[in-house]
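Visitor: As given, the protein sequences belong to chains A and B, one line each in that order. Quick note: the first sequence uses the working numbering, first residue 1, plus one each step. Quick note: the second sequence uses the working numbering, first residue 1, plus one each step. By construction, the Cβ of each residue, glycine as well, lies at the ideal position given by its N, Cα and C atoms.
2 protein chains.
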Amino acid sequence: MTGKSPGWVVTVKVSPPSLNDNTADADRLINELKPVLKTDYIDIDLSLLKNLPWRLRKFSYQARCVCFNDCGRWKLVGVKSVNDSAICAGIAIDLGTTRVVLRLINLETGEVIDESAFDNPQIAIGPDLLERIHFADNEAGLYKINRLIVDGFNEHISGLCKKSGVHIQDVYLLAVSGNTSMTHLFLGLAPNHIIREPYIPVVNTPNTVLAKDLGIQINDNARIFIFPNVGSYFGGDLISGIIYSGLHQQDEISILVDVGTNAEVVLGNKDWLVACAGAAGPALEGGVSKIGMNAKPGVIDRIMIDPEDGTFDLHTIDELPPKGICGSGMIDMMAQLFLSGMVDIRGKFVASKCGDRLKESDGSRRIVLVPSDDSATGRELSISQVDIDSLMRSKAAMYTILETIARYVGITFDDLSTFYIAGTFGSFINPRSAITIGMIPDLSEETYHSLGNSSLGGAAMILTSREALDEVEGIRDRITYLELNVNQEFMNRFSAAKFLPHTDPSLFPSVKIE
Amino acid sequence: MTGKSPGWVVTVKVSPPSLNDNTADADRLINELKPVLKTDYIDIDLSLLKNLPWRLRKFSYQARCVCFNDCGRWKLVGVKSVNDSAICAGIAIDLGTTRVVLRLINLETGEVIDESAFDNPQIAIGPDLLERIHFADNEAGLYKINRLIVDGFNEHISGLCKKSGVHIQDVYLLAVSGNTSMTHLFLGLAPNHIIREPYIPVVNTPNTVLAKDLGIQINDNARIFIFPNVGSYFGGDLISGIIYSGLHQQDEISILVDVGTNAEVVLGNKDWLVACAGAAGPALEGGVSKIGMNAKPGVIDRIMIDPEDGTFDLHTIDELPPKGICGSGMIDMMAQLFLSGMVDIRGKFVASKCGDRLKESDGSRRIVLVPSDDSATGRELSISQVDIDSLMRSKAAMYTILETIARYVGITFDDLSTFYIAGTFGSFINPRSAITIGMIPDLSEETYHSLGNSSLGGAAMILTSREALDEVEGIRDRITYLELNVNQEFMNRFSAAKFLPHTDPSLFPSVKIE
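Structure representation (structure tokens):
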């Protein structure tokens, strides 16, 4: 038991049995754990009971006990000798639609041992959730898609453990954070009602399940904590993000935004939380334009345009020859095109400013970022007016969602003490560029705080802090979910936001065009 | 939900999901159950979750829910349509060393549907526990002996259900009451420390386990409640007996005695409970003499001896030709031999009174109950002096144990309001005969109350009453277990009790010899 917060491994010494105290082995151990864990009940699985007498005697009645709290009910998960140098491990998992990230953690010290990531194998069924959910509409499909992720976990957990010298039998806890659909597919639960009105998940609070019940090959008694969801469109990854941000503990009001295909937003403080989610469009994730792609080496992630001579200064990840552009690159580009006058406030190309870069074919205009000779693909990298129109809608949707939730609560953006940007994608966004295009409010840059992979971060906290786990349920229950009604008022605000930065420039005083 | 006490089946109506209330199916159902069960948490197994959406919709959001309380933590065990005429069933089980009794119960009405019984298949390994425990000393032996009882359960549960027209998938709960060793062998837990100093079970409180984890083929989510034990020699069958007797709820002091190879005794009232157990010897169960056997057709269970002419009036079960004698028959016989003067106060044959019935061979005397011509076996049925000496030791041990526990608590037998005799065997004992030989105290016959199969009775109560289940743990925790020290004082009392009825006849004023 080390670290700031009491963790899940408790070392206890049990008095050996005698004629004067013939309490059973299991109850003897449990009786020592009860005061430490401050509980009246601790469950032990039958399979753990089976070799407990042998272990206690071999360990001279002293043991490191891995315990876990399942909604107030403690479970004894593992019993190890104090002399065994093997660590007791847990794995925090960000179960993304596209990418899955594993973080191996020492449950006793809280230390991160290693990390690995892999593409969600369900991509083979379909890159987006809708295709996967349709595929899972029948039992065979659900089974297959469930096996894909379970097998993926088993392969990569095993690989991560091997690399780190951790035996998979020493992995006792998993904390899995994912959106509602991904969580359902992982649990083998039919997600079909999630996408059909009135959009009902099978379960909001799956709590803790036995790893072996899900086919996850780690310790036989290992538990998997699954983050709860608020509904079909507000998943456990967001709850995990809230935990990670600490927003729910603060006196002042903050906002947390996960920018992606869906914009998921939580606004609140230690007393209240309001959330909403809405389609923001794939443009923000770099998935809309023909050259859009996720951030990886060779992808354009930053752009500067000289307002004087219109030269483009492109930056690619790892500075490799360019092969595409990611979402944050698109936002940067859009801001720079606007600041250099190459697009007008409606987001339309201004031919006089674009110069040679502007091309036209089949009645459609495009601006060339990289000529074919300079690209890694041998093909021209360009952004069309259609791509830009799509980005305009996405950024307008995002701003309108933020405006809507703020109005619902009755605050202005100036009331926000912190604007958390969650998610891996979000961490690459240049807030200055996002403000410039009117995607996010015109707050001082210090207000913006990028969390990185907050879904993974929150899951890791579950494995290292009992308090974090205790907070999860309260957060979920405290969230008021605001159903976004796309009514006339919303549409009016959306239309007003479809300008750079906005039809009302007074909302963005810091954005000044030469 | 019917019956006097709220049972385990709760019918609830769930509001169908809508855009205004997108709570998940599982949480929607749980939220309805929470106030009914007065709890904050109800666990649902993954396998039940999997078809819950389908069920709720098919059942028009109205369901009979089988719920069970595992030490304060509620579990949803089954969900059935209100229009389904199939009953929700449970089975109470008395898991005896020799005999296993099953009682099929309607969980909604509490009604007994049917009963069946079978010989414990582990008898094939050994008739007594010690042999079985030694057999289970290695993994293969434990596995085999565990499978014997599990297979026996599966066969007989299936048979009982078929006979009653109950589908085994509609059996949701089992309550199993057995001694500590039998319980361990059923759970597949190594019993080897039970018989070795300091006599430590693996577990005192196994609580509730999943039926499928034990290989019991009933409903996939069915739970098995296992009565807790106080130690290696005070098993769950006794706790079940206490529940059934109601001793633990009474103002006045009562005693409960399970008479068998071990004499297990509980003394107490609603405020305190003291228990002890000690070897009483197989004589009391009819297992010691050559002709001793368990009660079954053709076995002598009652004897009258005419004090005038010494004629024997034997009664056999079902009045079939005699083939042996059971424990209650032995006690009857002993009392009658004493009253007729055929044995003296030391339990030795009085040749002058026995007449022709007394035979002698190889230096050993015996009294003939049935000559070979009249017996069902074609062999003489007789009781030797050795058999009688053994019975004398057994009855003396029983009385000494009762005396010891009463002295420990500081009461006299006259303080007892009820003397409960538990167990199937006990129910056949004629208290008058047992008093005559000084096996039990000289109380008025109304004080004696035979409970029949109290182990089964208590298990059945668990399936029909939430209160009964709630009481189990409190009873177990309240019991002070008195370790019988076979010291000089005990031996002195034992020696004094090895007379008919006792060296101190004033203890048995009602026993008068002509």
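Inspect the beta-carbon positions of B:GLY7 and B:GLY110 and report whether they are closer than 8 Å.
Guide: yes
Visitor: Pull up the DSSP beta-bridge partners for B:PRO304, would you.
Guide: Before going further, note that residue 304 of chain B is Met rather than Pro in the sequence given. In DSSP, B:MET304 forms a bridge with B:ASP313.
Visitor: Mind listing which residues of the segment 336-353 of chain B have their C-beta closer than 9 Å to chain A's C-betas, in chain order?
Guide: none
Visitor: In its own chain, which residues sit with a C-beta less than 8 Å from the C-beta of A:PRO228, not counting the 5 before and 5 after it?
Guide: ASN204, THR205, PRO206, ASN207, GLY236, ILE239, VAL472, GLU473, ARG476
Visitor: Skipping 5 residues on each side, what residues in its chain have a beta carbon closer than 6 Å to that of A:SER427?
Guide: SER450, GLY452
Visitor: Please list, in chain order, all residues of the same chain as A:PHE413 whose beta carbon is under 7 Å from its beta carbon, the five residues on each side excluded.
Guide: ALA406, PRO441, LEU443
Visitor: Cβ closer than 7 Å: which chain A residues qualify as neighbours of B:VAL209?
Guide: LEU46
Visitor: Using a cut-off of 7 Å between C-beta atoms, extract the partners of A:CYS71 located in chain B.
Guide: Those within 7 Å of A:CYS71 in chain B are TYR41.
Visitor: I'd like to know whether the C-beta of B:LYS144 is nearer than 8 Å to at least one C-beta of chain A.
Guide: Under the 8 Å criterion on CB atoms, B:LYS144 is classed as non-interfacial with respect to chain A.
Visitor: Is the shortest distance between the beta-carbon of B:LEU129 and the beta-carbons of chain A less than 8 Å?
Guide: So no, B:LEU129 is outside the interface.
Visitor: State yes or no: is the C-beta of A:ILE242 within less than 8 Å of the C-beta of A:ILE411?
Guide: At the C-beta level, A:ILE242 and A:ILE411 stay beyond 8 Å of one another.
Visitor: Please list, in chain order, the residues of the segment 231-249 of chain A that have any C-beta partner in chain B closer than 8 Å.
Guide: Correct list: GLY231, SER232.
Visitor: For the segment 9-28 of chain B, which residues have a beta carbon sitting closer than 7 Å to at least one beta carbon of chain A?
Guide: Listed by position, the residues of the segment 9-28 of chain B near chain A (Cβ gap below 7 Å) are PRO17, SER18, LEU19, ASN22, THR23, ALA24, ASP25, ALA26, ASP27.
Visitor: Between B:LYS50 and chain A, is there a C-beta pair that is closer than 8 Å?
Guide: yes
Visitor: Return the CA-CA distance between B:LYS4 and A:LEU95, expressed in angstroms with no decimal places.
Guide: Unreliable placement is indicated for B:LYS4, whose pLDDT of 49 sits below 50; the coordinate value is still reported in the next sentence. Put simply, the backbone Cα of B:LYS4 is about 49 Å away from that of A:LEU95.
Visitor: Here's the rule: buried if 16 or more other CB atoms are within 10 angstroms of the residue's CB, otherwise exposed. What is A:HIS502?
Guide: buried
Visitor: Which residue spans inside the segment 169-254 of chain B form an unbroken beta strand (DSSP E) run of at least 3?
Guide: Runs found: 171-178, 208-210, 223-226.
Visitor: If you follow the alpha helix (DSSP H) that A:GLN62 is in, where does it begin and where does it stop?
Guide: Careful: A:GLN62 lies outside any alpha helix (DSSP H), inside the beta strand (DSSP E) at 62-70.
Visitor: In chain B, what lies closer than 8 Å to A:ASN138 by C-beta?
Guide: None at all; the shortest Cβ gap to chain B is about 13 Å.
Visitor: State the DSSP-derived secondary structure class of B:ASN83, mapped to helix, strand or coil.
Guide: coil
Visitor: Bridge partners for A:CYS276 per DSSP, in chain order?
Guide: A:VAL265
Visitor: In the structure shown, what three-state DSSP assignment does A:LYS359 receive?
Guide: strand
Visitor: According to DSSP, what are the bridge partners of B:ASN106?
Guide: B:ALA89
Visitor: Between the alpha carbons of A:ILE383 and A:ASP332, how many angstroms are there, rounded?
Guide: 13 Å
Visitor: Flag this pair as yes or no: are the beta carbons of A:VAL209 and A:LEU189 separated by less than 8 Å?
Guide: no
Visitor: Any beta-carbon of chain A closer than 8 Å to the one on B:MET1?
Guide: Note that B:MET1 has pLDDT 36, beneath the 50 cutoff, so the model's placement of it is unreliable and the number below is only indicative. Answer no: the Cβ-Cβ gap between B:MET1 and chain A never drops below 8 Å.
Visitor: Determine the burial state of A:HIS248: buried for a count of at least 16 other Cβ atoms within 10 Å of its Cβ, exposed for fewer.
Guide: Buried: at least 16 other Cβ atoms inside 10 Å.
Visitor: Per DSSP, which residues does B:LYS75 bridge with? Please list them.
Guide: B:ASP43, B:PHE68
Visitor: Below 7 Å on C-beta distance, what does B:ILE200 contact in chain A?
Guide: PRO17, ASN22, ALA24, ASP25
Visitor: Quick check on A:MET1: buried or exposed, where buried means 16 or more other Cβ atoms within 10 Å of its Cβ?
Guide: At A:MET1, the pLDDT of 36 sits below 50, so the modelled position is not reliable and the matter cannot be decided from this model.
Visitor: Would a C-beta distance cut-off of 8 Å place A:LEU500 and A:ILE429 closer than the cut-off?
Guide: Cβ atoms of A:LEU500 and A:ILE429: not closer than 8 Å.
Visitor: Chain A beta carbons: is any one of them nearer than 8 Å to that of B:PRO188?
Guide: Checking the displayed sequence, the identity of residue 188 of chain B turns out to be Gly instead of Pro. True, the Cβ-Cβ gap to chain A drops below 8 Å.
Visitor: Suppose you measure from the CA of A:VAL350 to the CA of A:GLY292; what does that come to, to the nearest Å?
Guide: 22 Å
Visitor: Under the rule that 16 or more other beta-carbon atoms within 10 Å means buried, what is A:SER433, buried or exposed?
Guide: buried
Visitor: A:GLU360 CB to nearest chain B CB: under 8 Å?
Guide: Taking Cβ atoms only, chain B never reaches closer than 8 Å to A:GLU360, which makes this a no.
Visitor: Starting from the C-beta of A:GLU131, find all residues in its chain whose C-beta is less than 7 Å away, skip the five residues before and the five after it, and write them out in chain order.
Guide: ILE125
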